[in-house]
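**Q** Have a look at this one before I ask anything.
2 protein chains.
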Amino acid sequence: MAYIGTGVEYALHCLLWLVAPLEQRPSSRDLAEIQGVPPAFVAKIFPKLEKAGIVEASGGIRGGYRLARAPEDISVLDVVDAVEGRKALFDCQEVRGRCALFDNKPPKWANRGVCGIHAVMLHAEKVLRDELAKTSLASLTAGVLGKGIPSGFMSEVQTWFADRQAAREDARIVGMRSRSTTREDA
Amino acid sequence: MAYIGTGVEYALHCLLWLVAPLEQRPSSRDLAEIQGVPPAFVAKIFPKLEKAGIVEASGGIRGGYRLARAPEDISVLDVVDAVEGRKALFDCQEVRGRCALFDNKPPKWANRGVCGIHAVMLHAEKVLRDELAKTSLASLTAGVLGKGIPSGFMSEVQTWFADRQAAREDARIVGMRSRSTTREDA
Chain A
21 MAYIGTGVEY ALHCLLWLVA PLEQRPSSRD LAEIQGVPPA FVAKIFPKLE
71 KAGIVEASGG IRGGYRLARA PEDISVLDVV DAVEGRKALF DCQEVRGRCA
121 LFDNKPPKWA NRGVCGIHAV MLHAEKVLRD ELAKTSLASL TAGVLGKGIP
171 SGFMSEVQTW FADRQAARED ARIVGMRSRS TTREDA
Chain B
21 MAYIGTGVEY ALHCLLWLVA PLEQRPSSRD LAEIQGVPPA FVAKIFPKLE
71 KAGIVEASGG IRGGYRLARA PEDISVLDVV DAVEGRKALF DCQEVRGRCA
121 LFDNKPPKWA NRGVCGIHAV MLHAEKVLRD ELAKTSLASL TAGVLGKGIP
171 SGFMSEVQTW FADRQAARED ARIVGMRSRS TTREDA
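So the sequence lines, in the order shown, correspond to chains A and B.
Under the working numbering, residues 21 to 206 are what the first sequence spells out, in order.
Under the working numbering, residues 21 to 206 are what the second sequence spells out, in order.
Structure below.
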């Protein structure tokens, strides 16, 4: 399995739809469906993004998600850590102290400081994290827009989300009428 | 599971015993046992290191492993790749083309160039690999020696490996005599 998994991939793609201000607050299902990724998986990811302060949610029929801070202030690293937790590149087991010559009593010099192998891995992890911290949702979006998205595309997106919200509201009204009819019938 | 696993940790620790020239060629069991790591696991790792040109093996009772090239020319990255194969940091699934608005026919602009998210991950992977390539077995050893190993330690190590080889030779002679006796008895 890759170090940075599918959850991060889905989260980043879904979050990009929230970068340009929308009139609606899409649900996680809306975001999953516009992106063509599994809604049940995305529904589990968004509470993690909310907990990490990347999105904020509001409830109710018009409720849904929006970014909790400016897209310039949300890095790829923030999303990786939110979705996967802070996971180590390397899990040092302090093998150095186990040398047969130490006879189960490693001398002080053997365990002095951080193990040299662990230190290399920790430094590599820092370099990796620093790199992932350099790219924000804003810069990712600028890159996508730079690919030549047609001028009308973003208004199509807006319409798609508006239609979804309208459909939810209609479904709710129908649901209320149906419940009310059921009560009258009863 | 960590991205860089236990196999790499064991491999690096065992390889460090081969950096200072030894009179013997230790077996993978010798290396595992002096380091206090599981011999069966290490026995599976060394053929990978041999295939990658990091160690070379010779057979026979005095056979075993030595580094196949100078420790300055064997990087931590070489060992990671040898043990784990070249594994991706991120496995892009080309999610960008699945947008619901494309109706299963993504326009050319949508798939132009590398996906922006994938590009960030590829760059981070390159930075990580470049970092792991900077440290060699020689520099790792210099770091360990810098921790103040007592002057007599390396000759103890030499004696330990020599005793192991002598024990193997004795066992072989006993085995030969025993087979020969069995034949005479038969």
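Quick reminder that beta carbons are idealized off the backbone N, C-alpha and C, glycines included.
1) Can you say whether residue 65 of chain B is buried or exposed, counting buried as having 16 or more other CB atoms within 10 angstroms of its CB?
2) Going by C-alpha distance, which of B/73, B/21, B/103 is nearest residue 61 of chain B?
3) Work out the CA separation of residue 163 of chain B and residue 69 of chain A for me, nearest whole Å.
4) Please return the same chain residues whose Cβ sits closer than 6 Å to the Cβ of residue 39 of chain B, not counting the five positions on each side in sequence.
5) Determine whether the Cβ of residue 74 of chain A lies closer than 8 Å to any Cβ atom of chain B.
6) Can you pull the chain B neighbours of residue 141 of chain A, defined as C-beta to C-beta under 7 Å?
7) Counting only beta-carbon atoms, is residue 167 of chain A nearer than 8 Å to chain B?
8) So, at 7 Å on beta carbons, what are the nonlocal neighbours of residue 182 of chain A in its own chain, with the 5 sequence-adjacent residues on each side left out?
9) Just how far apart, CA to CA, sit residue 172 of chain B and residue 94 of chain A?
10) Using a Cβ distance threshold of 8 Å, determine whether the region 23-42 of chain B contacts the region 73-85 of chain A, with at least three qualifying pairs required.
11) Name, going along the chain, the residues of the region 187-198 of chain B whose beta-carbon falls closer than 8 Å to a beta-carbon of chain A.
12) So that I know if they touch, is there some Cβ in chain A lying closer than 8 Å to that of residue 206 of chain B?
13) Please identify, using Cβ separations under 8 Å, the residues of the region 28-43 of chain A that lie next to chain B, in order along the chain.
14) Are the region 23-30 of chain A and the region 110-130 of chain B touching, with three or more C-beta to C-beta distances below 8 Å?
15) Going along the chain, which residues of the region 146-168 of chain A sit with their C-beta nearer than 7 Å to a C-beta in chain B?
16) Determine the DSSP secondary structure at residue 24 of chain B, reduced to helix, strand or coil.
17) What ranges does the alpha helix (DSSP H) occupy inside the region 86-132 of chain B, keeping only unbroken runs of at least 4 residues that lie completely in it?
18) Helix, strand or coil for residue 151 of chain A, going by three-state DSSP, please let me know.
**A** Result, derived from the coordinates:
1) buried
2) B/103
3) 41 Å
4) 91, 157, 161
5) no
6) 24
7) yes
8) 43, 44
9) 54 Å
10) no
11) none
12) Reliability of the predicted coordinates at residue 206 of chain B is poor, the pLDDT of 46 falling under 50, and the value obtained from them is presented with this limitation in mind. Not an interface residue.
13) 28, 29, 30, 32, 33
14) yes
15) 147, 148, 151, 152, 155, 160, 163, 164, 167, 168
16) strand
17) 96-104
18) helix
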